[in-house]
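Trainee: Before anything else, here's the structure in question.
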Amino acid sequence: MTVESASAALRARRMSVRELTQETLAQIESLNPRINALITVTAEAALDRAGELDREIAAGQIRGPLHGIPVVHKDCLYTAGVRTTGGSRIFADFVPDRDAAAVARLDRAGAITVGKAGMHELAYGVTSNNPHFGAVRNPWDTERIPGGSSGGSAAAVAAGMALGATGTDTGGSIRIPASFCGVVGLKPTYDRVDRTGVMPLAVTLDHVGPIAGTVRDVALLFGALAEGHASGAEEKPRMGVPENYFFDRVDSKVAELVRAAARKAEALGARVAPVRLPDAEALNVVGRVIQLSEASAIFERYLARREDIGDDVLALIEQGRLIPATDYVNAQRLRRALARDFAKVWTEVDCLIAPVTPVLPPSIGEMSVTINGASEDVRIACTRLARPLNVLGWPALAMPCGRSKSDLPIGMQLIGPPGREDVLLRVGAALEDALK
Amino acid sequence: MYIDLALYLHTNISDWKARAAAANPPVPNEILDQVIPPLEALEAAFRPLQREIPPDGLAWDGPDPA
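Sequence lines, in order, name chains A and P. Counting along the first sequence from 1, when you hit position 96 you're at 134 in the working numbering, and nothing is skipped either side. Counting along the second sequence from 1, when you hit position 6 you're at 777 in the working numbering, and nothing is skipped either side.
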């Protein structure tokens, strides 16, 4: 079931909100013990809310396409009266007194919160192998990671434990799990979705966005999450396929499927052409200096409780503490210079197409991956095609483009100019239909 | 190796070990092997880029509208 189909069924009274909520909670009860996608389930509150929304429908008051739609929120988004752990033992008992702005917006649009999604500790990693709340597992192969840090959000959607979810993305944390779990995730333009009430990781790299089963469902969620929408996407968009960086050191099947999707876009009428980009590796380097510095500025205060922090996250916090402020400032100056250089690509094309990650989902506990014979650290490998877009603040839509021989999902990302999520959602929806 | 690299880059390469010891609180010795090698690699990539900052370069303050 999708947000679209559920919404149509609710409006046509073929199903009540309560029935949809009960069905979702039953799925959670059945699958969460195996997948561990949710840290907290809010069954009672969800059923109360379902009753309220059913009464509104009976009175002819339908809030919109998200009326009665069950969603989960990444556990670093504040939820009033519901604990918000950030995937950390430090916040294991933290109960906010207010909702995050994104939660409040979905709530006003009629969505029902059925739970809080598991995540990499403090959103600082890509595996969602959480030492405090257990590993979130990939629904397509429970011995593999779902990606992260929004691993629970993507796994919950993939397993039918919610029709939509929120996530955060600082270096790929919406797009990587969307790709590994075979669902769709949108990292919007920087600051397009209000971050109030979201536990920060890196204040100038963090983004909040939606995850759902289809591009159109993501568009519906994004419509509720963001203020103002650009429109007027080209009928025949110009799509650039990067000649450099984004297809370097990429698993051959991943590269093959993304290139096949570009050919499909061409067959649909897009004008597809190779483009040469400036130095994307420099964006990665700059992004890592910034992220390490900003994250340590936030988390250093918790080092008094270092026994409550997982080893991988602790090492990153310690790394960031040692970076001089002068390097941080110069990284931000470089970022601006690089961003101006990269922006020139939008005179040539309307969007770019590229892999989300160079690899298939690694096994839980795996520290390195082998790509075409070369070994690489899992975190560095998984983020190197995603992080540059956080540094630029550009929107990027992750969506499935096929499956591996071992039947694991493979994702691609459509990348657009700032503020032009509409282009990505339009091209993405057309491609999604064509790739079915 | 540090000295050669510093000369090549015309800049100082950090003594991360000394910095770790001087931090407040200090970085525990037992995790230095998880902390220092990644910083050395990152610094080696970052220092050459610094030279590309234009003299009038300001800090990033959000994406420019398309």
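All residues carry an ideal CB built from backbone N, CA and C; glycine is no exception. The structure presented is a predicted model; accordingly, all values stated were derived computationally and were not measured.
1) With residue 154(A) as the anchor, note down where its beta strand (DSSP E) starts and where it stops.
2) From which residue to which residue does the alpha helix (DSSP H) around residue 93(A) run?
3) Beta-carbon of residue 178(A) versus every beta-carbon of chain P: anything under 8 Å?
4) Going along chain A in order, which residues have a C-beta closer than 8 Å to the C-beta of residue 835(P)?
5) Going by DSSP in three states, residue 325(A) sits in which element: helix, strand or coil?
6) In this structure, how does DSSP classify residue 389(A) when only helix, strand and coil are distinguished?
7) Comparing C-alpha positions only, which one of 257(A), 265(A), 71(A) and 434(A) sits nearest to residue 175(A)?
8) Given 8 Å as the limit, is there contact between the segment 335-349 of chain A and the segment 300-309 of chain A, that is, 3 or more CB pairs closer than that?
9) Could you give the first and the last residue of the continuous alpha helix (DSSP H) run that contains residue 788(P)?
10) Within 10 Å of its beta-carbon, does residue 829(P) have 16 or more other beta-carbons around it, so buried, or fewer, so exposed?
11) For residue 306(A), write down the residues that DSSP places opposite it in a beta bridge.
12) With DSSP collapsed to three states, give me the class of residue 57(A).
13) Work out the CA separation of residue 42(A) and residue 198(A) for me, nearest whole Å.
14) Name the two residues that bound the continuous alpha helix (DSSP H) containing residue 261(A).
15) Within its chain, find whatever has a CB closer than 6 Å to the CB of residue 127(A); leave out the 5 residues flanking it on each side and keep chain order.
16) Check residue 211(A) in the structure and name its three-state DSSP category.
17) With a threshold of 8 Å between beta-carbons, can residue 368(A) be considered close to chain P, or not?
18) Name the chain A residues that come within less than 9 Å of residue 801(P), Cβ to Cβ?
19) Verify whether the separation of the beta carbon atoms of residue 184(A) and residue 325(A) is less than 8 Å.
20) Mind checking residue 39(A): buried by the 16 CB within 10 Å criterion, or exposed?
21) DSSP three-state label for residue 832(P), please.
22) DSSP three-state call for residue 74(A): helix, strand or coil?
23) When the Cα atoms are used, what is the spatial distance from residue 95(A) to residue 44(A)?
24) Chain A partners of residue 826(P), CB-CB under 8 Å?
Mentor: According to the structure shown:
1) 150-155
2) 81-96
3) no
4) 377, 378, 381 and 456
5) helix
6) strand
7) 71(A)
8) no
9) 787-793
10) exposed
11) Note: residue 306(A) sits in no beta bridge, so no partner.
12) helix
13) 14 Å
14) 253-263
15) 170 and 346
16) coil
17) yes
18) Neighbours of residue 801(P) on chain A: none; closest Cβ ~11 Å, over 9 Å.
19) no
20) exposed
21) coil
22) coil
23) 14 Å
24) Here the premise fails: no neighbours, minimum Cβ distance about 10 Å.
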